[in-house]
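Asks:
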Amino acid sequence: MFSITTLFSQTYRTGIATSAAVLLSGIMMTGANAADIATTYNNSCAACHDSGALNAIKKGDSAKWQQLIKQKSMPTLIKSVKNGMTQMPAGGLCSGCSDADYRELIEYMSK
Ligand code: HEC
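Under mature numbering (1 follows the signal peptide of the UniProt record, and there is no 0), the letters of the sequence shown match residues -34 to -1, 1 to 77, in that order.
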């Protein structure tokens, strides 16, 4: 029966516990799920998009978001976030976000 404890005791014996731990945490970080997106949103985008600070489109204003997605298309919106806009810093304060993350964040805000 495989378990993390077993793996750790085995890797201790072979003396590569540190690299195994790094590898394991790497596996745990990949594969964004809904909870990750909510956390990323809270850490990066919420500062402006929760309150509508600086005239940012608010999270949950689905009418406005849907209109924007229709008008500009999703790839353009993702590009906007990556390049930054007049008031929005490039990357929207998320240094580790991928295009797929931005898409999910935009979809999350549009609901
Ligand atoms: C410092 C404030 C701030 C942060 C942080 C921020 N935004 Fe924005 N965002 C804005 C503002 C303000 C606008 C409206 C355009 C402008 O004036 O810059 C905007 C516009 C947008 C748009 C519309 C782009 C377009 O082409 O019209 C998207 C999509 C967006 N933000 C996504 C995000 C995402 C995703 C994050 C988090 C990773 C984020 N923003 C973080 C302030 C912010």
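Glycine is no exception: its CB is placed at the ideal position from the N, C-alpha and C atoms.
The structure displayed is predicted, hence computed values, not measured ones.
Since S76 contacts S28 with CB under 8 Å, what's their CB separation in whole angstroms?
Replies: Stepping through the sequence shown from its first residue, residue 76 is reached at position 110. Stepping through the sequence shown from its first residue, residue 28 is reached at position 62. Contact flag correct, Cβ pair sits at about 5 Å.
Asks: Which first and last residues belong to the alpha helix (DSSP H) in which L34 is found?
Replies: Numbered from its first residue, the sequence shown carries residue 34 at position 68. Here the alpha helix (DSSP H) through L34 covers 28 to 38.
Asks: Tell me whether G58 is buried or exposed, calling it buried when 16 or more other Cβ atoms sit within 10 Å of its Cβ.
Replies: Looking up residue 58 in the sequence shown gives position 92. G58 comes out buried.
Asks: Would a C-beta distance cut-off of 8 Å place R69 and M40 closer than the cut-off?
Replies: The residue labelled residue 69 in the question sits at position 103 within the sequence shown. The residue labelled residue 40 in the question sits at position 74 within the sequence shown. Contact flag set, yes.
Asks: Could you check where the alpha helix (DSSP H) with L71 kicks off and where it finishes?
Replies: What you label residue 71 is simply residue 105 of the sequence shown in a count that begins at 1. Here the alpha helix (DSSP H) through L71 covers 65 to 75.
Asks: Would you say G58 touches the ligand HEC, meaning its beta carbon is less than 7 Å from a heavy atom?
Replies: Within the sequence shown, residue 58 is the residue found at index 92, counting from 1. Correct: G58 has its Cβ closer than 7 Å to the ligand HEC.
Asks: Taking the straight line between their C-alpha atoms, what separation do you get for A19 and M54?
Replies: Taking the sequence shown and counting its residues from 1, one reaches residue 19 at position 53. Taking the sequence shown and counting its residues from 1, one reaches residue 54 at position 88. Taking the straight line from one Cα to the other gives about 10 Å.
Asks: Does the beta-carbon distance from I3 to H15 come in below 8 Å?
Replies: Within the sequence shown, the letter at position 37 stands for residue 3. Within the sequence shown, the letter at position 49 stands for residue 15. No, the Cβ-Cβ distance between I3 and H15 is not below 8 Å.
Asks: Compute the beta-carbon to beta-carbon distance between C63 and T6, rounded to the nearest angstrom, for a pair I have assumed lies under 8 Å.
Replies: What you label residue 63 is simply residue 97 of the sequence shown in a count that begins at 1. What you label residue 6 is simply residue 40 of the sequence shown in a count that begins at 1. Between T6 and C63 the Cβ distance is about 7 Å, and since that is below 8 Å, they are a contact.
Asks: Tell me whether P41 sits in a helix, a strand or coil according to DSSP, three-state version.
Replies: Sequence index remark: in the sequence shown, residue 41 carries index 75 (1-based). In the structure shown, P41 sits in a helix (DSSP, three-state: H, G or I).
Asks: Would you kindly report the start and end of the unbroken alpha helix (DSSP H) that includes A13?
Replies: Here residue 13 refers to the residue found at position 47 of the sequence shown. 12 to 15 is the span of the alpha helix (DSSP H), which, as asked, contains A13.
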